[in-house]
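Structure first, commentary second.
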Amino acid sequence: MIDGKTLRVAVIGAGPAGMYAVEHLLQEAEFRCEVDLYERLPTPYGLVRAGVAPDHPDKKRIGDRLFSYILESPRVRFIGNLEVGTHVRHAELADWYHAVIYSVGAGSDIRMGVPGEELSGCHAAREFVAWYNGHPDYSHLAFDLSCERAVVVGNGNVALDVARILTMPVAELEKTDIADYALQALRNSAIKEVVLLGRRGHFQGAFHNPELEELERLADVDIVIDSEDLPGENEVVLDDADWETRRKVKTLARLSRRPLTGAPRRIVLRFLTSPVELLGDQKVEQMLVVENHLERGDDGVLRARPTEKESLIDTGLVLRAIGYRGYPFPGLPFDDQRGVIDNRDGRVVEGDLPVPGVYVTGWIKRGPRGVIGSNKKCARDTVRCLLKDARDGHLSPAALNADQVLSELAGRNPALLGLEGWRNIDRGERLAGAHQGRPRIKYTDTETLLRSAAAPAG
Ligand code: NAP
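The working numbering numbers the first residue of the sequence shown as 97 and each following residue consecutively.
Shown next, in the form of structure tokens:
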């Protein structure tokens, strides 16, 4: 029996946004929250597992430290390898639970919209990231690393992540949990130079300063920066820019003053430059770019405007890192302009009216911005809305109890797995990694993941 103080909640998506939502629900004192955490993959933790760069183990550790602890709660059930929208419909979940929270992230990306983008050799950085992180949906992809120069379009942290992975000594990556096939491909890589294209100037980079400072510590990689607009050594950055921007510009200035060492690889940061067209016969061979100048709009924002100055860059690999984008979710209203499930502060809305008992958190709520930790407050705000609605009597009763839900789901997908299955995968990967002094060796295809889930590693 479900009493008036028990809330049965389905959280869809076990990435950081979903994990923080579960944490907040468990901390709730007024209601006793019981959570079913649905995940399409056999593995939890979303971008912590398949997005964070492998050379950032501290950021990945949140999975072991906090998220695994959350999964161990007796009030949480992990329901992995089950796809909401395929095995179960949104309308059914809305009926079965008091409330449903979607934390499905941003599974797509923005295109550059230039001719030639469809040529082979041009990819979304999002796919490259998922590939080197061993995401089972992307492990079959092939990236041609046989050219000498790659171009990364965009000036955010994702652009810096892929530039680092493409240039850093493979010996460093051999200590990480990067997918084995990616390690092998990088060992054979011919890439000597990665050019990062920022469409705006040095003051407008979307990357963060700690990530920029990492470039200073990259072994065997020269950093080349066009330095026209950068301050000199003793010059104070007096622009009306904020503190974070000034720090970034100082880091860029420092980087630009470093003497080149003739290192085997280099990263070139080019600013005020946009792609115009990708050229090649079937495969990318060159990128036509244009120099930009900045123009302040009526809203005060500086935007890139093309000049007449065009030039060609020889390249065989183009990665666009210009932002992620959310997918519409079957049965839920979508804000196509922002690429999010339509919501007000986490309550899903249809027009101006809230859809009772349905909530969002993370990138599918606010768009693809922010670091892992940003999801904590985002999830807390959403959970607060949910609890207020519960208090105000706006949630409908849950039609099924926990056992009924599970037997219904198991009937539809006998291959769904619970926490024990994930524990088996986790143990197996760690054990394999320990033999090579690595945190884990990831299983990267669904078949192996499911086989490992079924068999405890010994
Ligand atoms: P992002 O931070 O939004 O950066 C996107 C970049 O693409 C910006 O430089 C943007 O320039 C540029 N851009 C957009 N449209 C463009 C176009 N049509 N042509 C050329 N350039 C274009 O996105 P992201 O790098 O994908 O990162 C997503 C979020 O994840 C961010 O909040 C990021 O901080 C976070 N993240 C964090 C880490 C970390 O903590 N280490 C790692 C990876 C990602 P404009 O500024 O001119 O629009």
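Backbone N, C-alpha and C fix where the C-beta goes; we use that ideal spot for every residue, glycine too. Please read these numbers as outputs of a predicted model, since none were measured by experiment.
Bounding residues of the beta strand (DSSP E) (the contiguous stretch that carries residue i)
i, result
"glycine 388", "Correcting the residue type first, residue 388 is asparagine in the shown sequence and not glycine. Unbroken beta strand (DSSP E) run through asparagine 388: 382-392."
"threonine 102", "102-108"
"valine 454", "449-456"
"leucine 356", "Where leucine 356 is concerned, there is no enclosing beta strand (DSSP E), given that its DSSP letter is neither H nor E."
"aspartate 318", "317-321"
"arginine 46", "Outside the modelled stretch of the chain, which goes from 97 to 554, sits residue 46, for which no answer is possible."
"alanine 187", "Taken as a continuous stretch (DSSP letters only), alanine 187 belongs to no beta strand (DSSP E), being part of the alpha helix (DSSP H) at 186-192."
"proline 371", "369-375"
"alanine 460", "The sequence given here has isoleucine at residue 460, not alanine. No beta strand (DSSP E) holds isoleucine 460; the alpha helix (DSSP H) holding it covers 459-462."
"alanine 220", "218-220"
"valine 444", "443-446"
"alanine 417", "No beta strand (DSSP E) contains alanine 417, which DSSP labels as neither H nor E."
"valine 196", "195-198"
"arginine 173", "172-175"
Burial state of residue i, where buried means 16 or more other Cβ atoms lie within 10 Å
i, result
"glutamine 532", "exposed"
"valine 479", "buried"
"methionine 97", "Bear in mind that the predicted position of methionine 97 carries a pLDDT of just 38, short of 50, making it unreliable; the figure below should be weighed with that in mind. Exposed: under 16 other Cβ atoms inside 10 Å."
"alanine 255", "buried"
"histidine 236", "exposed"
"glutamine 300", "buried"
"asparagine 284", "exposed"
"threonine 272", "buried"
"aspartate 336", "exposed"
"lysine 461", "buried"
"proline 211", "exposed"
"serine 503", "exposed"
"threonine 139", "buried"
"glycine 165", "The sequence shown places tyrosine at residue 165, not glycine. That one is exposed."
"valine 266", "exposed"
"valine 467", "exposed"
"proline 552", "exposed"
"lysine 156", "buried"
"alanine 246", "buried"
"serine 199", "buried"
"arginine 487", "exposed"
"alanine 538", "At residue 538 the sequence reads lysine, which differs from the alanine that was named. Looking at its Cβ environment, which holds 16 or more other Cβ atoms inside 10 Å, lysine 538 is buried."
"tryptophan 339", "exposed"
"leucine 598", "An answer regarding residue 598 cannot be provided, because it is not within the stretch 97 to 554 covered by the chain."
"alanine 400", "buried"
Host alpha helix (DSSP H) of residue i (start-end)
i, result
"threonine 403", "Careful: threonine 403 lies outside any alpha helix (DSSP H), inside the beta strand (DSSP E) at 398-410."
"isoleucine 521", "515-530"
"isoleucine 166", "164-167"
"valine 144", "142-146"
"lysine 155", "153-158"
"leucine 308", "305-313"
"threonine 544", "542-550"
beta-carbon residue i near ligand 3 non-hydrogen atom, thresh 7 Å
i, result
"asparagine 253", "Looking at this structure, you won't find ligand 3 anywhere; what it does contain is ligand 1."
Residue-level contact to chain C via CB, residue i, 8 Å cutoff
i, result
"glycine 533", "This model lacks chain C altogether; it includes just one protein chain."
Could you tell me which whole alpha helix (DSSP H) segments of length 4 or greater appear in the region 111-136? 112-123
Three Cβ pairs or more, each shorter than 8 Å: is that satisfied between the region 142-150 and the region 218-238? yes
Is it a yes or a no for the region 519-538 touching the region 202-214, going by three-plus beta-carbon pairs under 8 Å? no
Sufficient close CB pairs (3 or more, under 8 Å) joining the region 517-530 to the region 488-504: no
Segment contact, 8 Å Cβ cut-off, at least three pairs: the region 470-485 with the region 115-133: yes
Any contact between the region 238-258 and the region 398-415? By contact I mean 3 or more CB pairs, one from each, below 8 Å. yes
Let me know the alpha helix (DSSP H) ranges lying completely inside the region 476-512, each 4 residues or longer, listed in chain order. 498-508
May I ask you to verify whether the region 385-392 touches the region 286-303, counting CB pairs closer than 8 Å and requiring at least 3? yes
Can you find at least 3 beta carbon pairs, one from the region 150-159 and one from the region 255-271, that sit closer than 8 Å? yes
Touching by the beta-carbon criterion (3+ pairs, under 8 Å), the region 185-195 and the region 444-461: yes
Of all the beta strand (DSSP E) runs that stay within the bounds of the region 227-303, which reach a length of 3 or more residues? 245-249, 289-293
Touching by the beta-carbon criterion (3+ pairs, under 8 Å), the region 212-221 and the region 371-384: yes
Are the region 359-369 and the region 310-330 in contact at 8 Å, needing three or more beta carbon pairs? yes
Inspect the CB distances between the region 166-175 and the region 509-521 and report whether three or more fall short of 8 Å. yes
Do the region 124-134 and the region 103-110 touch if we need at least three Cβ pairs shorter than 8 Å? yes
Is the region 302-314 touching the region 344-356, taking contact as three or more C-beta pairs under 8 Å? yes
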